Amino acid sequence: MITSMLLSNWEKLLPEQVTQYMTFVKDDTDWSYSSSETTSMAAKQAEGVAYLARLLANKRLALLADEVGMGKTFQAIGLIHLLQLQNSKAKTLIIAPNRNICHQWKGEFNSFFLHHRKPLDRAQAEVSDVYGSLPELVEGVKQSEHHVYLTTIHALSGLTREEDILDKTAEASKRAEGLRQQVFGAIGNDGFDLMVIDEAHYLRTRNGGSQKVEAAKAFFGQDSTPLAKSTLLMTATPTHSSSNDVWNILRYFTSESSLNKGNTDTRADAASLLKKFALRRLRLMHGAGGRYYSKHDYRYESVLPVSFEDNPNAELFFGLYQRQLVKDLRKKGSNRQFLYGYLEGFESFGHSDDKLSVENSDTYDNEKNSEHYAEPSIEINKDAFSKAPDSQLLYELSQEYFECFDAQPEHPKYNALVAQFVPKSLTAERLDRIKHLVFVRRIPSVRELTKRVNTDYDDCFGKMISQALNFSDVQVTEWRSTHWSRVWLNRQLGGQAHENESMDDHDDEDITVDSDYDETQIRSRITELFVVKKKGLGSIDETRNTRCTNVGLRFKKPESIYSLFLEPARDYVSQDYDYYFEHRTENRVRALYATAAISSRYESNGLSTHSVEDDKHYGVNLPTIWKYLIDMLPSALLEHYMGWTAETKENFANYFKAGVLFASPVMVELFCWFVEHERQYKGQESTERAYSQYLNFVEHVTGKLEQSWLFWYFKAAIETFEDVCEKVARVQVSDHQYEWRTLKSLTSPAAFASGETSNRDALQTGFNSPFYPNVLVATSVFQEGVNLHLHCNQVHHYGIAGNPGDHEQRVGRLDRLFGKVHRQLECGEQANLTINFPYLSNSFDEDQLASFLEKKARAESKLDQCLLDNSDAHVGMDKTSNWTQYLKSPASGIERHDDPYPAIFD
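Given below as structure tokens:
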């Protein structure tokens, strides 16, 4: 059992004692904290848990303000685990910004209990589902026996929603107080043992008079009985936009006298409060040779200047816009903030789709295209400047432009960015730099960038497919003019499947779009050619399988011999298969190849029996491509793979197949290989000929594997599979029957995340895998609390952040432990986190970027200390002649900065 010291002396807890019960090195139960090695992240996390316990024991309030990417969530879970060891009936409330982040908490709890507890004590906290409102939360507390309860900060805002009440703020406060009393009635007058507020800067606007603020004051019990015995606040940017932010946040949970040392006339400054309540350390990543790296060692800021050269119409539009902007600015006085964020992209209010529309085109061409006729969709978020003061001006001018030129005004920032995202030649080497994260402000801009990226990828893939089909240059030009129309392709090929290739009699389970499919997303036209369309959702031409669909189904449907191709080897290394299943019904007999392969693997590797059918022997051993991929793996990856259990290998096989067949360009590659090889085999297929053809196809492909997309994705998928399972998708690595339906819905190279999208979890999973999306365009909804770092090290600020704190949060989506940059450092490679700023030369756009970079450079040292530079409240129009001096480059040997508010153990 736990020692009495750990039970009763949190005031003097030491990291050495913490690591008796948990390890901060995954699966290493022998690891323990040593005071002689305190630089590693594991050591810092152990210190963090111990020091936070001390703060809570002494002050009942602590602020964990570690730099972005330091594992704040993990430290909080370690603290909750200590609490659970101390009192098996302890109850913790976690309040996070939204449901997505709540689900991430659940995933981190699973990871902690699987990999970081020590055998000395196996106590495990039961975590609730996410409660969407305070009344639901309170009912959950009354009725359940969970140890940890999850809800969102937004739950504080809905207590009087859609009710006709004169004073809604007062009523919200009254109801919140009633709900607090119900909590006491359910779990005792001391309330929760611990409350954790994630991204606590959401509570900084304490004097705003909103329903959320008044409900929070009452629910947390700021000046009466507190809702929890102790409160842990978490945010990397506690001083977010005002020097009073820290005081405002802490005030919800303690008295003024506690904050101001008894002097209520003078509000304590942020530095004093942080020194008293906070823990903040700066991130260091461990690399090759035992060296530790700070962000200064690998961050590289670059600019992408563009101009209106050769585009006089767009320049005319910009001139008119700038002239009107100055007029409006004069009307508004000297409010320079009006200018900030004005040039997100006027072109985004209705990029013309005329080039996509042809007679009798398919349903994709009928996508809603009324942005230039209706008010632009704006994401309401003051801090993200999603709704800039110039929105109406942009809308009106772009509408006039469309009426004059029958097109939308082009903007060179779009074209230049897309050219960086989509390579002219998608080589295996280029795939390693294929992931890009883009931040914008307006929802129309996310749609516009996504559309353009997918269009450029379509041009690349469309030409490959055309070449495989031996289309002439005239045919390629004509097909491209229809934007790679499904209808055009079917009509060009006679609307018929190739010999004996038709697989139109698909079952419902063959539909590639699952229940998470987000209809608001803009999809690739080429990858849609491989998607089975549900009948009844369009004309026959629009839903008929294409040649691409039918080739794709050969690799997906178990009754095709080619469904063996991507199956793992029988022993997951090299063994071939020697039988298939014969499934009989009243109407027909079907051979089931992939189904038999799965059953054979299950039987050979001690997994549960998958199926019982009549088995028929091939008469020859049939390999899959798996053993050739395994044979080519680098030694480190092979060793890693071989260490997996059979269950993990089976789960990985499902992950890899779903990714390459639905969410990667590999399906295009397979199509081209198949069509090239098929020309050697014509005429009616017999069973024996099918085996021969399949064996020759495998031989045909093995000669192309070394530089193939297929092999690159295989390596990349192995490298991060466990992290994707545990930290992102919240799937047990040993769940060998998991289908990875999320990946099957991500069929396009580019996608966007905004307030309009509902599949944010799926996007996060896909972007953290090597599979689609390659380019993720996001508004502020992905600015905080989302990890996007496993395969990406390039972030682009199409619209610059509202302040240096917001900027750091954005970059922090990629600058995290165990991500791509960290793996590069560990391998001794040249690590690089690219931070790119596109801008329009010789315009206000350049002025604003220059002003922002100067302000950011000036604020960085204070930002590291969670303080604010108040010398200039807004980004202005003035810039120095050499403003590019403020761009950061990797600086080896740069002076290290001490942790601003370290863990101190007296």
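Per numbering that gives the first Met the number 0, the sequence shown starts with residue 0, numbered consecutively. Cβ coordinates follow ideal geometry from the N, Cα and C atoms, glycine included. All values derive from a computational prediction rather than experimental measurement.
In this structure, Ser240 is the residue among Ser240, Lys555, Phe219, His114 with its C-alpha nearest to the C-alpha of Pro803. At a Cβ-Cβ threshold of 8 angstroms, Ala64 and Val17 do not count as neighbours. Along the length of the segment 750 to 784, whole alpha helix (DSSP H) runs at least 4 residues long occupy 759 to 767, reported in chain order. Out of Asn835, His896, Ile79, the CA that lies nearest to the CA of Arg298 is found in Asn835. Pro769 and Ala716 do touch by the CB rule: their CB atoms are close to 6 angstroms apart, below 8 angstroms.
Excluding the 5 residues flanking it on each side, Thr647 has same chain C-beta neighbours closer than 7 angstroms at Val732, Ser733, in chain order. About 7 angstroms separates the beta carbon of Asn312 from that of Pro408, a gap short enough to meet the 8 angstroms contact definition.
Where Thr168 is concerned, there is no enclosing beta strand (DSSP E), although the alpha helix (DSSP H) around it starts and stops at 167 to 186. The shortest C-alpha to C-alpha distance from Leu886 to any of Trp9, Val302, Asp575 is the one to Val302.
Bounds of any alpha helix (DSSP H) do not take in Tyr737, whose DSSP letter is neither H nor E. The C-beta distance from Gly68 to Gly811 rounds to 6 angstroms, short enough to meet the 8 angstroms contact threshold. Each of Thr644, Asn57, Leu762 was checked against the Cα of Asp570, and the nearest Cα belongs to Thr644. Shortest Cα-Cα distance from Val452 to any of Val417, Ala467, Arg432 involves Val417. Note: Leu92 is bridge-paired with Tyr148, Met194 in the DSSP secondary-structure output. Residue environment analysis places Cys791 among the buried positions, since at least 16 neighbouring C-beta atoms fall within 10 angstroms of its C-beta. Sequence-distant partners of Glu46 (beyond 5 residues in either direction) whose C-beta falls short of 6 angstroms from its own C-beta, in its chain, are Pro14, Ala902.
Within the segment 575 to 622, the complete alpha helix (DSSP H) segments of 4 residues or longer fall at 592 to 603, listed in chain order. As a beta-bridge residue in DSSP terms, Phe438 pairs with Ala777, His796. Scanning its chain for C-beta atoms nearer than 7 angstroms, with the 5 sequence neighbours on each side dropped, one finds around Val182 the residues Val137, Val140, Gly190, Leu226, in chain order. In the DSSP assignment, Thr476 falls within the unbroken alpha helix (DSSP H) covering 472 to 480. For Ile560, there is no enclosing alpha helix (DSSP H), as DSSP marks it with neither H nor E. The beta carbons of Thr449 and Val665 sit about 21 angstroms from each other, so the pair does not count as a contact at 8 angstroms. If you check the CB distance, Lys626 and Ala568 come in under 8 angstroms.
Every alpha helix (DSSP H) stretch that sits fully inside the segment 55 to 135 and reaches 4 residues is listed by chain position as 71 to 85, 98 to 114. Phe438 and His115 have their C-alpha atoms some 35 angstroms from each other. Straight across, the Cα-Cα distance linking Val245 with Pro237 is about 6 angstroms. The bridge partners DSSP lists for Thr833 are Tyr299, Gln793.
Under DSSP, Ala227 shares a beta bridge with Phe191.
With respect to the 8 angstroms criterion, Leu787 and Gly765 are not classified as neighbours on the basis of their beta carbons. Taking one beta carbon from each stretch, the segment 163 to 183 and the segment 208 to 217 have 3 or more pairs nearer than 8 angstroms; the two touch. Taking the Cβ atoms as the reference, Leu133 lies roughly 5 angstroms from Leu178, within the contact range of under 8 angstroms. Taking C-alpha positions only, Ala596 is separated from Lys656 by approximately 14 angstroms. Secondary structure note for Asp805: its alpha helix (DSSP H) is the uninterrupted segment 803 to 810.
DSSP places Ser33 in the strand class (E or B) of the three-state scheme. Going by DSSP, Gln210 is part of the alpha helix (DSSP H) stretching over 210 to 219. In this structure Arg53 is buried. Its beta-carbon is surrounded by 16 or more other beta-carbon atoms within 10 angstroms.
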